[in-house]
DNA sequence: AGCGTTAAGTTAACACCGTTAATTATTTGT
DNA sequence: ACAAATAATTAACGGTGTTAACTTAACGCT
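Chains as they are written, first to last, in our numbering: chain S, 3 to 213; chain B, 3 to 213.
In structure tokens form, the structure reads like this:
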């Protein structure tokens, strides 16, 4: 009921309050089940107030994705400090998978839910910034192995390798997230599937055997 | 307006009419945008009539999935005729990917959309039936290569291999379906990504080089 | 033949959803 | 002290999945 002209900082704070609680609800109840009214009730505002900060539900979702993409990049950044390029690449894949399986609902939102196409102009994130762009990080990690001569000679396109390696880890994580409870398949432990995937791709990629 | 007691056959026919038109709408408009009323209008019935054949929208979706799973198994069945186990395995992966990319909306429904857990009792499909269960087909294809001694000696769990290979192809297809239009990534051609994925996994799996 | 039961369909209605319009209350500047 | 602007609200709209109540037609019996 009581509105006050707010400082820019206070506006941003409320924006974050919405995002955080909306994310919380998505994580605990799944993406489909969350309504604008519920988000609003959670933060003690009316539903329409959300529209003062986000154009619509889709925009709110995208804003959540933005902060999650940033979180992913921040998580993975530490791994870039590993000295050996191949070890770094392996750890990067494991870090990615851990993120996916620790925050499955975030991951669904980011990589398994169709949104409007993600033009770089629609986000605050900076493309090709090693602090913010996890895909750029991946390209660098892969390219460093390439430059170190680690890959087989037939493999000449580092970006193609990056996209394929990504797809491999994504495939394992995505099936786990969507079908883990499915009785049709007798799933092997997720750790085993991740390890085998990395093993297979590594021995396909690397010039010399690695263990 | 005019109801007549229907033979079992006529009931099944109407059920299929609903499924077919519902699938049509999902494919052309995307999964989210389809409403029960729209499906009903399309077939010239009222919306509530659908509930005489399906408990709710989720059940309708699952019934559509059922027929699509059968379609996938039927498509892949021809490939099982290939004599050489390794060639068969390669062709199987390619056939799977072609299905995914030819019917992306079916594929999303089947493998990228969370439904209630898929207990074998809830479907008419027969598990472990080579005509109906594509996952069983995959297990057989992998196991045949295993029995023929094609895999490296360290690889002893055929089902684990099957699940990992599946994840690899799924990863490429799923990223393509969900992010192909995304400007953030400069995607390599999907055929290249599929080929590299198969190449990587093959050279990780097979005892001897294959080309 | 006529009557009740049942099946197949309908329309009406409910509760809820995302979203927009109209409205209220509070602060600030002059 | 008053007007403008801001931040919030309530009311309302059109649409959704779904349930309840009702209608119509066909069948089985006596």
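Quick reminder that beta carbons are idealized off the backbone N, C-alpha and C, glycines included.
*Mind checking the segment 190 to 201 of chain B against chain S and listing, in chain order, the residues whose C-beta falls within less than 8 Å of any C-beta there?*
Contacts with chain S (Cβ-Cβ distance below 8 Å) from the segment 190 to 201 of chain B involve 190, 194, 195, 198, 199, 201, listed in chain order.
*CA nearest to the CA of residue 55 of chain B, picked from B:140, B:71, B:8*: As a position in the second chain, residue 55 of chain B is number 53, starting the count at 1. Looking at the Cα atoms, B:8 is the closest of the given residues.
*Using the C-alpha atoms, what's the distance from residue 39 of chain S back to residue 89 of chain S?*
On the first chain, position 87 is the one that residue 89 of chain S refers to. On the first chain, position 37 is the one that residue 39 of chain S refers to. Their Cα atoms are separated by approximately 47 Å.
*Below 9 Å between beta carbons is the criterion; list the residues of the segment 145 to 162 of chain B that meet it against any residue of chain S, in chain order.*
154, 156, 157, 159, 161, 162
*Among B:168, B:211, B:179, B:187, the one whose alpha carbon lies nearest that of residue 198 of chain S*: Here residue 198 of chain S refers to the residue found at position 196 when the first chain is read from its first residue. Minimum Cα distance to residue 198 of chain S is reached at B:168.
_Below 8 Å on C-beta distance, what does residue 114 of chain B contact in chain S?_
Mapped onto the second chain, residue 114 of chain B falls at position 112. In chain order: 114, 176, 180.
*If you draw a straight line from the C-alpha of residue 175 of chain S to the C-alpha of residue 96 of chain S, how long is it?*
For the purposes of this step, residue 175 of chain S is taken as the residue at position 173 of the first chain. For the purposes of this step, residue 96 of chain S is taken as the residue at position 94 of the first chain. Going by the C-alpha atoms only, they are around 11 Å apart.
*Could you have a look at residue 207 of chain B and say whether DSSP puts it in helix, strand or coil?*
Indexing the second chain from 1 puts residue 207 of chain B at position 205. It is helical.
*Cβ-Cβ distance between residue 41 of chain B and residue 27 of chain B below 8 Å*: Indexing the second chain from 1 puts residue 41 of chain B at position 39. Indexing the second chain from 1 puts residue 27 of chain B at position 25. Result yes, Cβ atoms of residue 41 of chain B and residue 27 of chain B sit closer than 8 Å.
*asked:* Looking at the secondary structure, which residues open and close the alpha helix (DSSP H) in which residue 106 of chain B lies?
replied: Within the second chain, the letter at position 104 stands for residue 106 of chain B. Looking at the DSSP string, the run of the alpha helix (DSSP H) that includes residue 106 of chain B is 106 to 109.
*asked:* I want to see whether chain B comes within less than 8 Å of residue 187 of chain S, judged by CB atoms only; does it?
replied: For the purposes of this step, residue 187 of chain S is taken as residue 185 along the first chain, with counting starting at 1. Cβ-Cβ to chain B under 8 Å: yes for residue 187 of chain S.
*Determine the extent of the alpha helix (DSSP H) in which residue 145 of chain B is found, giving its start and end residues.*
Residue 145 of chain B sits at position 143 when you count from the first residue of the second chain. Start and end: 136 to 149.
*So what does residue 153 of chain B bridge to, in DSSP terms?*
Within the second chain, residue 153 of chain B is the residue found at index 151, counting from 1. DSSP output for residue 153 of chain B lists B:208 as bridge partner(s).
*Taking all protein chains shown into account, do 16 or more other C-beta atoms lie within 10 angstroms of the C-beta of residue 70 of chain S, making it buried, or fewer, making it exposed?*
Start at 1 with the first residue of the first chain, and residue 70 of chain S comes out as number 68. That one is buried.
*Distance between residue 34 of chain S and residue 121 of chain B (C-alpha atoms, nearest Å)*: What you label residue 121 of chain B is simply residue 119 of the second chain in a count that begins at 1. What you label residue 34 of chain S is simply residue 32 of the first chain in a count that begins at 1. Cα to Cα, the separation comes out at about 22 Å.
*By the 10 Å Cβ neighbour count, where 16 or more other Cβ atoms means buried, how is residue 126 of chain B classified, buried or exposed?*
Position 124 of the second chain, counted from the first residue, corresponds to residue 126 of chain B. Under this definition residue 126 of chain B is an exposed residue.
*Going by the beta-carbon positions, is the gap between residue 172 of chain S and residue 173 of chain B smaller than 8 Å?*
On the first chain, position 170 is the one that residue 172 of chain S refers to. On the second chain, position 171 is the one that residue 173 of chain B refers to. Yes, these two residues count as a Cβ contact at 8 Å.
*Smallest Cα separation from residue 47 of chain S: which of S:57, S:23, S:60?*
Counting from 1 along the first chain, the entry for residue 47 of chain S is found at position 45. Among S:57, S:23, S:60, the Cα nearest to that of residue 47 of chain S is on S:23.
*If you scan the segment 44 to 80 of chain S from start to end, which runs of the alpha helix (DSSP H) of 4 or more residues do you find wholly inside it?*
59 to 79
_Using a Cβ-Cβ cutoff of less than 8 Å, which residues in the same chain neighbour residue 72 of chain S once the five nearest sequence positions on both sides are dropped?_
For the purposes of this step, residue 72 of chain S is identified with residue 70 of the first chain, where counting begins at 1. Same-chain partners within the cutoff: 127, 134.
*Proximal chain S residues relative to residue 205 of chain B, where beta-carbon distance stays under 8 Å*: As a working mapping, residue 205 of chain B is identified with position 203 in the second chain. Under the 8 Å cutoff, chain S gives 205, 206.
*For residue 36 of chain B, I'd like the list of residues in its chain whose CB is within less than 6 Å of its CB, leaving aside the five on either flank, ordered along the chain.*
The residue you call residue 36 of chain B lines up with position 34 of the second chain. Result list for residue 36 of chain B: 27, 28, in chain order.
*Report the rounded CA-to-CA distance for residue 192 of chain S versus residue 75 of chain B, giving the unit in angstroms.*
For this step, residue 192 of chain S is matched to residue 190 along the first chain. For this step, residue 75 of chain B is matched to residue 73 along the second chain. Approximately 25 Å between the Cα atoms of the pair.
*Counting only the same chain and skipping the five closest in sequence on each side, list residues whose C-beta sits under 8 Å from that of residue 131 of chain B.*
Position 129 of the second chain holds residue 131 of chain B. Answer for residue 131 of chain B: 138, listed in chain order.
*asked:* Mapping the DSSP letters down to three states, classify residue 165 of chain S as helix, strand or coil.
replied: Taking the first residue of the first chain as position 1, residue 165 of chain S is located at position 163. Note: residue 165 of chain S maps to helix in three-state DSSP.
*For residue 182 of chain B, the three-state DSSP class (helix, strand or coil)*: Residue mapping note: residue 182 of chain B aligns to position 180 of the second chain, counting from 1. DSSP, read as helix, strand or coil, puts residue 182 of chain B in coil.
*Under 8 Å Cβ to Cβ from residue 52 of chain S, same chain only, skipping five residues before and after it: list those, please.*
If you number the first chain from 1, residue 52 of chain S lands on position 50. These residues qualify, in order along the chain: 20, 38, 41, 42, 62.
*asked:* Would residue 154 of chain S and residue 209 of chain S qualify as a contact pair, given that the criterion is a beta-carbon distance under 8 Å?
replied: The residue given as residue 154 of chain S occupies position 152 in the first chain. The residue given as residue 209 of chain S occupies position 207 in the first chain. In contact: residue 154 of chain S and residue 209 of chain S (Cβ atoms closer than 8 Å).
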